[in-house]
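Engineer:
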Amino acid sequence: GPMAKNKTLDAVKKCLRDFPLEARELYLNKTVPCLEQPLSPLEFYREWIGPNKPCVIRNAFGHWPALSKWNPSHLREVVGSKVISVAVTPNGYADAVNRDRFVMPEERLMTFSSLLDVVEGKVESRGVFYVQKQCSNLTEELPELTGDVEAHIPWMSEALGKLPDAVNFWLGEAGAVTSMHKDHYENLYCVITGEKHFILLPPSDRPFIPYEHYQPAVYRQREDGDFDVVDVADSDKVPWIPLDPLKPDLELYPDYSLARPLHVTVKAGEMLYLPSLWFHHVRQSHGCIAVNFWYDMEYDIKYNYFQLVESLAGAVGPL
C-alpha cells in the first residue's frame, strides 16, 4: 500500500543522499590540486582521468607563441577583418535559466576588430559580448591563429588514444558568465591571458543539484537597444539547472546545501583538467583569452553508473 511505497521512496532517497558523501570520503579531494608540470600519459590517466578528478597543471604550454603574441593589437592585425560568431546577452548569462525560460544568446556575426572595440571600451554597447561558440571555432573561424597553439595536447591524446573533437577559442567581457552545466568531454582548459574562475561540483553531487524543464528561447536586441526574449518554436523543453552557485536560493533548493562546490582560479599560463560530467560554472577577468581542447569521453561503466544516478535523482525529485 501507500505506506510501503513511501518507505521504498525514503530508502531510495537515503541512498542518493549517502552516495555523494561516500564519494567524498573515498576518493574526492577537498580542493583542486596543482601539478607543477605535466605527467606522463600513463601517470596522468592513472591519477586523474581514470579517477575522474580535476587538477590544475602549470608549465604545460609555456612554449606556445600565443602566450606572448595574443594581445589586442596583434589580434587586430592578424584577424581584425575576420567575421566571427559572438554571443550577445543583456546580462552576461548565455544559455541560462531566466524566469520560466531557458534563454540562449543572440548569435551575432561581427568582425574581430569590432568585438575588440567593445571589449576595450572604445565603443559604448548595450549588452554583454562573449566569444563562446563551441564548434571548434578556433580551427573553423580563426585558422590564422592555430599556428600560435598546439593542434592537440600530445600527452592527453596519448593517454586517451584519440585526438580532440574540438578546439575552442574564448574571449569575453567580465560580465559574461557560463551557467552551471556538465559536458560529456574530457576538457583541457588553457588560459592565455587574464584568469578564469571555476566553481566545480563532482558528478556524485548530482542528487543535490536541481534540474527543471524549460521552454527554450533566444535573446534578440531591438533597434532601441533593449532585448526581447523570443521563444524557439516547435522545440522540446530543455532540462537545465536553475540554481546560481554564486547566490544559491537554499529556501527553494535546500538539498544544494549538502553539495560541496570546489572553487579554483586558473591564471594565464595554467591549464585546468576538467573531467567529463563534472558540473562547472565559469567567470573570467575582463578580456580573458582561453583555448580549450574537448576530447570525447569514454562511454564506459562510469558513464553507465552516472546515468543511473541521474535517472534516479530525476525520478525521486527533492531529497
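The sequence shown begins at 1475 in the working numbering and counts up by one. Heads up, the beta-carbon is just placed ideally off N, CA and C, and yes, glycines get one too. Predicted model only: the values in this text are computed from it and were never measured.
1) Enumerate in chain order the residues of its own chain whose CB-to-CB distance from proline 1713 is below 6 Å, with the five nearest sequence positions on each side excluded.
2) If I measure Cβ to Cβ from asparagine 1766 and keep anything under 8 Å in the same chain, skipping five residues before and after, which residues do I get?
3) Is it right to say glutamine 1758 is buried, meaning 16 or more other beta carbons lie within 10 angstroms of its own, or is it exposed?
4) Going by C-alpha to C-alpha distance, which of Leu1495, Leu1782, Arg1498 and Trp1522 sits closest to proline 1507?
5) Around the C-beta of leucine 1748, are 16 or more other C-beta atoms found within 10 angstroms, so that it is buried, or is it exposed?
6) Starting from cysteine 1702, follow the alpha helix (DSSP H) in both directions and report where the run begins and ends.
7) Please state the DSSP three-state secondary structure of lysine 1607.
8) Sort Asp1710, His1671, Leu1751 and Asp1774 by Cα distance to histidine 1737 and report the nearest one.
9) Does the region 1550 to 1565 touch the region 1602 to 1618, meaning 3 or more C-beta pairs lie closer than 8 Å?
10) Use the C-beta contact count for aspartate 1774: other C-beta atoms within 10 angstroms, 16 or more gives buried, fewer gives exposed.
11) Could you tell me the alpha carbon to alpha carbon distance between glutamate 1624 and glutamate 1580, rounded to whole angstroms?
12) Starting from the C-beta of glycine 1791, find all residues in its chain whose C-beta is less than 6 Å away, skip the five residues before and the five after it, and write them out in chain order.
13) If you follow the alpha helix (DSSP H) that cysteine 1489 is in, where does it begin and where does it stop?
14) Judging by CA-CA distance, which residue of Gly1668, Gln1689 and His1655 is the nearest neighbour of leucine 1675?
15) Between the region 1692 to 1699 and the region 1563 to 1579, can you find at least three pairs of beta-carbon atoms closer than 8 Å?
16) In the DSSP output, what is phenylalanine 1672 paired with across the bridge?
17) Rounded to a whole number of angstroms, what is the C-alpha to C-alpha distance between alanine 1633 and proline 1722?
18) Distance check for tyrosine 1659 and valine 1593, CA to CA, integer angstroms please.
Structural biologist: Walking through what the data contain:
1) Sequence-distant Cβ neighbours of proline 1713 in its own chain, meaning closer than 6 Å and more than five residues away, are Tyr1685 and His1687.
2) So the list reads Val1641, Asn1642, Trp1644, Asn1661, Leu1662, Tyr1663 and Cys1664, once near-sequence residues are dropped.
3) Classified as buried, glutamine 1758 has 16 or more neighbouring CB atoms from the shown chains inside 10 Å of its CB.
4) Of Leu1495, Leu1782, Arg1498 and Trp1522, the residue nearest in Cα terms is Trp1522.
5) Buried, since its Cβ has 16 or more Cβ neighbours within 10 Å.
6) Strictly speaking, residue 1702 in this sequence is aspartate, with cysteine absent from that position. Where aspartate 1702 is concerned, there is no enclosing alpha helix (DSSP H), although the beta strand (DSSP E) around it starts and stops at 1701 to 1705.
7) Coil at lysine 1607, not helix or strand.
8) Of Asp1710, His1671, Leu1751 and Asp1774, the residue nearest in Cα terms is His1671.
9) Touching, per the Cβ criterion.
10) It is exposed - the Cβ of aspartate 1774 has fewer than 16 other Cβ atoms within 10 Å.
11) Rounded to the nearest angstrom, the gap between the Cα atoms of glutamate 1624 and glutamate 1580 is 30 Å.
12) Closer than 6 Å at Cβ, skipping near neighbours: no residue.
13) Looking at the DSSP string, the run of the alpha helix (DSSP H) that includes cysteine 1489 is 1476 to 1500.
14) Ranked by Cα distance from leucine 1675, the first of Gly1668, Gln1689 and His1655 is His1655.
15) Counting Cβ pairs under 8 Å, three or more are found: they touch.
16) BP columns for phenylalanine 1672 point to Val1738 and Val1756.
17) Straight-line Cα distance between these residues: approximately 37 Å.
18) Taking the straight line joining both Cα atoms gives about 29 Å.
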